[in-house]
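Residue numbers (this note's numbering), protein chains in the order written: chain A, 1 to 298; chain B, 1001 to 1298.
Report on the following structure.
And the structure:
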C-alpha cells in the first residue's frame, strides 16, 4: 500500500493545529471513529430520543450525570447538549433544565424539481390546482395538514429591493408575507417575504387581495393571469443566525441557524417579476439540488 | 385602488404578534422603511465601513455613543453591532472593544454551472487543466491568489458515511480534507471533507498520494483515471452554527453560521463514488442555483 505523503505544513500554525483537532491530520491512524467525542455522545443521545427511550417532555440528565456516565469532560458534555439544541431535539428552560422536545415537522425542499413542477401545474384546471401545492410536495403533508397565512401590504422599494427588482428606489411594491405551518405545530415551517412591482400586479385586482390566498397554483399561476410566463428562477442561498424575533416566530433556540433563499423570478422577456426571501429554520430544513450531467461523447 | 383585506387572525396570538414586530402587519401603512431600526443602523454602519469612512482596524464607537448619535435604545444598538459581527465586518475583542475588520474574500459558488464545467474540463489537455480550477471560477481569483492544502487518511466507514456511500459499515474509505484560502488571508474560504471507497481508488496509486494535489482537473479527472464518468451530482444544503474548532479555523465569530453542502456524486452505472461535506463561512459565502424552465407549448 502506498503511504500517503504528509504535505508541507502551512505557515501560521494555528490553522494547522486546529485542523488536527478537527481530525484532519491522523495520518497513520487507520480506521476507528474519527468524530469528536462530544459529537459521538450527542449522536448516542439523539438515537435515544429518536427511539423514544428519551420521550418528549423528559428532563435530560444533568451535565454531572452525563459526564459521569460517559466518562467525558464537562466541556464535552456541554458541547453535546448544545449540539442537541442545534438539532432542535431538546430545549433549555431557564433555571429548570433541558427537556426533550416533541419531534418537529421536517422540510426537504427540492427546488430543482419544484419550480418546473409548479410551472407545469399552472395550465391545469382549478380543481387540480386546488388539490396540492409546493409545500405539500416538500413535506409529504396534505393540504389538510397545513395552515397557511398570507398578509399583503404596499411598500416603497428600498435601495436593496429596487436593485433586486431592477426598478427605481421608491417604486411601489406589493409585499406579501407568507407563513406555513403544520397543523400540529404553532411555529411555521417557513416564512416567505415576496415583492412584486405594484403596478404590474394591480392589473388584476384579485392579486391585491390577501383573502384569495392560498391561491390555487401559487405565484406562477397568479403571474399567468397577468399574461406572464417564467423562464428562469435563481436561488441565492445564505446561512445566518436568526434575529431575536425570528427565533421566537420559528420557535427555535437562538443558537439554531436559519437558511435563507433569495428567489428571483425572471419572465420570458428577461424582466425580474418577483423577488422572494424565504427564511427556514436550520434544525429541520434541507435544500436539495440535483444536477444531471451531460455524457461525454464516446 | 383595492384595499387589501385583513386576513383572519390565526389562533395563538404569539405568532401573529411576533410577525407584527417583524413588519408583517403594517396594512394601511404605505411606503416608508419597513425594516427594523437596528437593521437600519447596521446598514448605515456597513455603508461607512464599505466606503472606508470607518477603516479596517478602527475602534467602533461605544454602545453609549451610538445610542446617543442614533437616538435608538441600547438594545437596538447592541443588535446592530451583533448584525455587523454576523456580516463579518467587525470583531469583538474581549475587554478591548469592537474593531472594524479588513474586508474578506467572498465566495459566490454557482454549482449549477460548476459541475458541468468541471466535467467538460476533464477531457482537456493537462496544460489546460492546470490553468484554473473550480475555486478560481467561484472567487474570480487566479491560481496564484490561492493556497491549497490537502490531507489524506484511510478510515473505516461509520454508519452515516456507510449509508451515504451505500457500503457496509467498516468498509475502508479514503478520507481527504481540503482547505483553500486566499493568499492574503490565513483562514480558509472553504473546508471540504471528501470520502471515497478505498478499494475503488487504490486501483490508481497516485490517487492515494496527497502530494499530487492540487490535481489538475480535480476529483472528476481523478475518477476519470479509474474509468469512472459522473452522471449526477446532488447537493444537500443545511445551515448550522460552527463548532468551536470550526469558528477558530474559519476565523469567524461563534455567532456566524456556516453553510454546509453534502455533495453526492453518482456515476453512469448508478453507483455513489464520492460523498463530500463542504463547510463554508456564512458571512462571506453565497450559493447560487439557477433553474431554466421549459416553455409552455403555445
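We put the CB at the ideal spot given by N, CA and C, even for glycine.
None of these values were measured; they are calculated from a predicted model.
Option in the options with minimal Cα separation from residue i
i               : options                            : result
residue 61(A)   : 162(A), 253(A), 92(A)              : 92(A)
residue 1223(B) : 1112(B), 1130(B), 1201(B), 1134(B) : 1201(B)
residue 1241(B) : 1209(B), 1156(B), 1283(B)          : 1283(B)
residue 1276(B) : 1165(B), 1110(B), 1251(B)          : 1165(B)
residue 1261(B) : 1118(B), 1109(B), 1040(B)          : 1109(B)
residue 1036(B) : 1288(B), 1175(B), 1080(B)          : 1080(B)
residue 1220(B) : 1235(B), 1153(B), 1274(B), 1180(B) : 1274(B)
residue 188(A)  : 248(A), 74(A), 268(A)              : 248(A)
residue 185(A)  : 218(A), 206(A), 145(A)             : 145(A)
residue 107(A)  : 1245(B), 1288(B), 1236(B), 1281(B) : 1236(B)
residue 1150(B) : 1123(B), 1176(B), 1158(B)          : 1176(B)
residue 1094(B) : 1042(B), 1115(B), 1059(B)          : 1059(B)
residue 269(A)  : 89(A), 229(A), 280(A), 295(A)      : 229(A)
residue 1084(B) : 1068(B), 1071(B), 1103(B)          : 1103(B)
residue 53(A)   : 294(A), 100(A), 69(A)              : 100(A)
residue 288(A)  : 1161(B), 1133(B), 1238(B)          : 1238(B)
residue 1039(B) : 1295(B), 1076(B), 1119(B)          : 1076(B)
residue 290(A)  : 1114(B), 1048(B), 1089(B)          : 1114(B)
Span of the alpha helix (DSSP H) around residue i
i               : result
residue 1280(B) : No alpha helix (DSSP H) holds residue 1280(B); the beta strand (DSSP E) holding it covers 1272 to 1281.
residue 121(A)  : 111 to 122
residue 1064(B) : 1063 to 1070
residue 1223(B) : 1218 to 1224
Start-to-end residues for the beta strand (DSSP E) that takes in residue i
i              : result
residue 88(A)  : Where residue 88(A) is concerned, there is no enclosing beta strand (DSSP E), given that its DSSP letter is neither H nor E.
residue 269(A) : Premise fails: residue 269(A) is in no beta strand (DSSP E) and is neither H nor E.
residue 191(A) : 190 to 197
residue 229(A) : Segment: none, residue 229(A) is in no beta strand (DSSP E) and carries neither H nor E.
Reduced DSSP category for residue i - H, G, I as helix; E, B as strand; rest coil
i               : result
residue 291(A)  : strand
residue 1182(B) : strand
residue 1044(B) : helix
residue 298(A)  : coil
residue 1257(B) : coil
residue 1128(B) : helix
residue 97(A)   : strand
residue 1248(B) : helix
residue 29(A)   : Because residue 29(A) carries a pLDDT of 33, less than 50, the predicted location of this residue cannot be relied on, and the following value inherits that uncertainty. Of the three classes helix, strand and coil, the one that applies to residue 29(A) here is coil, per DSSP.
residue 37(A)   : helix
residue 284(A)  : coil
residue 1238(B) : strand
residue 167(A)  : coil
residue 1074(B) : helix
residue 1108(B) : strand
residue 207(A)  : helix
residue 243(A)  : coil
residue 54(A)   : coil
residue 1202(B) : helix
residue 22(A)   : In this prediction, residue 22(A) scores a pLDDT of 49, lower than 50, which makes its location untrustworthy; no coordinate-derived value is stated.
residue 187(A)  : coil
Identity of the residues DSSP links to residue i by a beta bridge
i               : result
residue 172(A)  : 156(A)
residue 1137(B) : Partner(s): none; residue 1137(B) has no beta bridge.
residue 143(A)  : None; residue 143(A) has no bridge partner.
residue 150(A)  : 178(A)
residue 213(A)  : Paired residues: none, contrary to the question.
residue 1233(B) : 291(A), 1265(B)
residue 1059(B) : 1099(B)
Chain D contact for residue i (CB, 9 Å cutoff)
i               : result
residue 1230(B) : Protein chains in the displayed structure are A and B, and chain D is not among them.
To be precise: take each residue of the stretch 1086 to 1119 of chain B, compare its Cβ to all Cβ atoms of chain A, and keep it if any distance is under 8 Å. Which residues remain?
Going along the stretch 1086 to 1119 of chain B in chain order, one finds 1086, 1111, 1112, 1115, 1116, 1119 with a Cβ nearer than 8 Å to chain A.
Can you give me, in chain order, the residues of the stretch 232 to 247 of chain A that have a beta carbon less than 8 Å from any beta carbon in chain B?
The stretch 232 to 247 of chain A vs chain B, Cβ under 8 Å: 232, 233, 234, 235, 236, 237, 238, 239, 240, 241, 243, 244, 245, 246.
Listed in chain order, which residues of the stretch 1258 to 1277 of chain B have Cβ atoms closer than 8 Å to some Cβ of chain A?
Per Cβ criterion, the list reads 1258, 1259, 1268.
Against chain A, which members of the stretch 1281 to 1292 of chain B pass a CB distance test of less than 7 Å?
Taking 7 Å as the Cβ-Cβ cut-off against chain A, the residues of the stretch 1281 to 1292 of chain B that qualify are 1282, 1286, 1287, 1288, 1289, 1290, 1291, 1292.
Cβ-based contacts, 9 Å cut-off: residues of the stretch 119 to 153 of chain A near chain B:
For the stretch 119 to 153 of chain A, the beta-carbon criterion of a distance under 9 Å to any beta-carbon of chain B is satisfied by 119, 120, 122, 123, 147, 149, 150, 151, 152, 153.
Proximal residues, the stretch 1193 to 1220 of chain B versus chain A, C-beta separation under 8 Å
For the stretch 1193 to 1220 of chain B, the beta-carbon criterion of a distance under 8 Å to any beta-carbon of chain A is satisfied by 1202, 1205, 1208, 1209, 1210, 1211, 1213.
Where the stretch 160 to 187 of chain A meets chain B: residues whose CB sits under 9 Å from a CB there:
Listed by position along the chain: 160, 170, 172, 174, 175, 177, 179, 181, 186, 187.
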